[in-house]
Every structure is written in C-alpha cells, then in structure tokens.
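Enquirer:
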Amino acid sequence: MITSVDSIISEAIDEVSDDLRRMSLSIHSNPELAMKEVAACKLLTDYLENAGYGVERGAGGLVTSFVATFESSAEDGDGLRIGFCSEYDALPGIGHGCGHNLIAISGVAMLVGVRRVMEQCKIPGTVKLFGTPSEEALGGKITMLDRGVFANMDLLMMMHPTAGYSGSWHSQCCLSMKVEYFGRASHAALAPWDGVNAGSAAIVAMQTLSVLREQLKPDWRTHGIITTGGQAANVIPQHAAIDYTVRTGVAEDLEVLRARVLRVFESAAWATGCTHKVVEERAYLDNRDNPVLGHMFEDIMRAQYGGKPAGESGGSTDFGNLSQQFISLHAMYDLDGSGAPNHTIEFTEGAASEDAHRRTLFAAKAMACIASKCLVDSGFWDKVRKAHNERQER
7 MITSVDSIIS
17 EAIDEVSDDL
27 RRMSLSIHSN
37 PELAMKEVAA
47 CKLLTDYLEN
57 AGYGVERGAG
67 GLVTSFVATF
77 ESSAEDGDGL
87 RIGFCSEYDA
97 LPGIGHGCGH
107 NLIAISGVAM
117 LVGVRRVMEQ
127 CKIPGTVKLF
137 GTPSEEALGG
147 KITMLDRGVF
157 ANMDLLMMMH
167 PTAGYSGSWH
177 SQCCLSMKVE
187 YFGRASHAAL
197 APWDGVNAGS
207 AAIVAMQTLS
217 VLREQLKPDW
227 RTHGIITTGG
237 QAANVIPQHA
247 AIDYTVRTGV
257 AEDLEVLRAR
267 VLRVFESAAW
277 ATGCTHKVVE
287 ERAYLDNRDN
297 PVLGHMFEDI
307 MRAQYGGKPA
317 GESGGSTDFG
327 NLSQQFISLH
337 AMYDLDGSGA
347 PNHTIEFTEG
357 AASEDAHRRT
367 LFAAKAMACI
377 ASKCLVDSGF
387 WDKVRKAHNE
397 RQER
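According to our numbering, the sequence shown is numbered sequentially starting from 7.
1) Under the three-state reduction of DSSP, which class applies to residue 475: helix, strand or coil?
2) Determine whether the beta carbon atoms of residue 178 and residue 249 lie at a separation below 8 Å.
3) What are the uninterrupted segments assigned as alpha helix (DSSP H) that are 4 or more residues long and contained completely in the region 228 to 267, given in chain order?
4) Let me check understanding here. Comparing Cα to Cα, which of 357, 306 and 26 lies closest to residue 314?
5) Can you tell me which of the three DSSP states residue 100 falls into?
6) Thinking just about the alpha-carbon of each residue, which of 383, 137 and 128 is nearest to the one in residue 43?
7) DSSP three-state label for residue 202, please.
8) Do the region 8 to 20 and the region 370 to 380 make contact, defined as three or more Cβ pairs closer than 8 Å?
9) Name the residue from 344, 350, 365 and 298 whose alpha carbon lies nearest to the alpha carbon of residue 394.
10) Count the other C-beta atoms from every protein chain shown that fall within 10 angstroms of the C-beta of residue 21, then say buried if there are 16 or more, exposed otherwise.
11) Would you tell me roughly how many angstroms separate the C-alpha atoms of residue 243 and residue 362, rounded to the nearest one?
12) If you follow the beta strand (DSSP E) that residue 167 is part of, which residue opens it and which one closes it?
13) For residue 384, I'd like the list of residues in its chain whose CB is within less than 7 Å of its CB, leaving aside the five on either flank, ordered along the chain.
14) Quick one: what does DSSP say residue 73 is sitting in, helix, strand or coil?
15) Taking Cβ to Cβ, would you say residue 391 is nearer than 8 Å to residue 333?
16) Are three or more beta carbon pairs between the region 271 to 278 and the region 196 to 213 nearer than 8 Å?
17) Counting along the chain, where does the alpha helix (DSSP H) carrying residue 50 start and finish?
18) Could you name the residues that DSSP lists as bridge partners for residue 61?
19) Measuring only the C-alpha atoms, how far is residue 1 from residue 264?
20) Which of helix, strand or coil does DSSP assign to residue 349?
21) Could you pull out every unbroken beta strand (DSSP E) segment of at least 3 residues lying fully inside the region 312 to 382, listed in chain order?
22) Rounding to the nearest angstrom, what Cα-Cα distance links residue 68 and residue 90 in this structure?
23) For residue 281, name the three-state secondary structure that DSSP assigns.
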C-alpha cells in the first residue's frame, strides 16, 4: 500500500495533538515577557529531548533560546537543511494577545511532521526547530542570526495566527527606541523657575511627533507612550522617558523616518533646556515571503476555508531579517474565524480555544507538506530557489 506524504504528516501531527494542546494551554496560562520565557522554554525543550531530538539550550547566548535537531540516517546524499521557528513570549498586560502559545506548538508540529517523512521515506536531510525568544521586543532572531545560529540553513519557515490567511505578508520595517530627558527638580509652587521640566520635554516631543504625522507616507507609522513623566505633582520632574516605535514599508525609508524622529527628540530637549539620551533597539526589516512557497500555502488555505488571502495589514517581525537572507515563508493563518485583531484581549482569549488549536494544526500540516515537497520534488525546489535568487537580484 502506498502512503502519501500528506497522510504521513497528518498522522504524525495528530498523534501528538494532545501533547501540543497541553503545552499550548500551559504557555497561555503562564505568559512570560521577552527574554523571561523560562517556563515555556523548559516545557518545549524537555518535551523535544524526551522525543529523541538533539537539543541545544541557550543557542546564540540567549538563555531562553534553543535548537532542536533531527538528522536523517538516509545515506543518499546530504539533503536539505530545513528550519522552523517557534515563538513563546507574551505581551505586557494582555498575555498571549499575539498567539505565541500557538506559534510555539506549531513549530513542534512542523518538526514532527517533516521528521516522520524523512524517516518513513528514507529521505536525507536535516530538520531543526529554532526556539526564538523575544519577538515582541528586542528581536531574539536578529541576535541569533548575527551569532550564526541559522548558518547554512537552506529553508526557514514559521507561521502566525491572525485574522485571515496569507502566504505573501510583506511586513513593515520597525525600529524601537527609548528616549530619556534630564532636567532639574524644584518645588512646583515655591520655586518652579528654578526647575528644568523633563516632563515638559516629553510632552513637547509627543505633540511634535503628532504634528509630523501629516507629512508621513501612507505606509509609515509612528507610535509611542510616555513611560515616566514625574513622580509628584508638586515637584518639577527631573526625569522623563518615552518608548517610541517607527515603521516603514522598506528599509531605505526607515533611515529617513528615523532621522526625522531623532530631530524631534533633540529639539524638544533644546526647547525645554533639558539634556536627552536615545537608546535604539535592533531594526526589524520587512518580511519577504518566497512567492512559490507562499502561493502553495494560499492554495491549501483557500481549498480548506475559501475566500481570498488577507491583504497587507501592517505589523512587524524579526523573522523579516531572516527573510532578507534565506529562502523563507512566514505564513499567516486565521486564528478562529472571529476576525479579532492581534494584540487585543479578544485575541488572547481566542488563542486558548479548541478551534484555534485545530486551525493551528491544519496550518502546521500544510507547512510541513510544503517543506516536504522541497525535500522530495527537485523541480519544485528549483522553482523556489529561482524565485529567491530573482528577488535577491532586484
């Protein structure tokens, strides 16, 4: 009896569905912020190690990162090196409002599916799961990329829940920064003229940035919050702080917008007599899905759910930096059909639902099938590489 690759993958993932559900709910009920995902990392690595994968913890020097590896014992050549990414950090205040508990288990599911294909069909190659912390802040994948964790991979893939599905999500470039203003404290009633108001500098900066929006291009975004504005109403604030983010459609524009925003922060300091300091995080670059892989994913989703792929809806990811170098796919799938947007309480609640679990496993099966097609169909893989090389030459 001949068994199809799709059937092999579906059976393998279904076998671990209950395990994946337990891990997803555990991560969901214990949300951990960026670089603090200790429990989630331990849960995933212990499971993978017990399942027979070679596990490297602390990959790239990040405490809550890992790499799980399976190498085929087939002797017919080296084969492809395929990698999947899991994320598991949460958002402050609303927990897993971006569904990273589902992204965590989706990576495991894809790994399990492709491993089974390699074993059962005796296909040479290596498949890895990269546990990537701190996607919501700081950009764990960028650090891991710089430190060579992804070196020599032929293909990188991950999936993300949202409202709708897409295999061609072009994310925004993103740069976050922390701005501090330093003034001089004084009694706000007895001698306000002796003070230098750092809180006023933060207000001037935020108001000026709001005015600046009139001249921004349609795909540019600026947004932020004042995190510290003072500690007592009767004291002129000597310190204030802002967390701010700028986004653009392409990397070239990011530098232009960055320069404008930095001038605003400087001018607010000058206008109020304060000094200031800006600390920038690593820039997230725009995601570039491989069109051959993306079209196959969209075809599978369309056949299952109908409708058209979702349009570009903004947002950023540190996976974009990987997509600039590697053949890749950052697939988007529908969370639960509710239309709830990411980063909301409604999305957090949906990420724990049975329906979201089922949809996650279906999308993971689709992704594992696409990865396996790259393994078994040399003509398809040639088309994938050709599309990647053409994009790189532009």
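Idealized CB from N, CA, C, for every residue including glycine.
Expert: With the structure as the only source:
1) Since the first and last residues shown for the chain are 7 and 400, residue 475 lies out of range.
2) no
3) none
4) 306
5) coil
6) 137
7) strand
8) yes
9) 298
10) exposed
11) 47 Å
12) 161 to 168
13) none
14) strand
15) yes
16) yes
17) 44 to 56
18) 74
19) Residue 1 lies beyond the residue range present for the chain, which begins at 7 and ends at 400; the question has no answer from this structure.
20) coil
21) 334 to 340
22) 18 Å
23) strand
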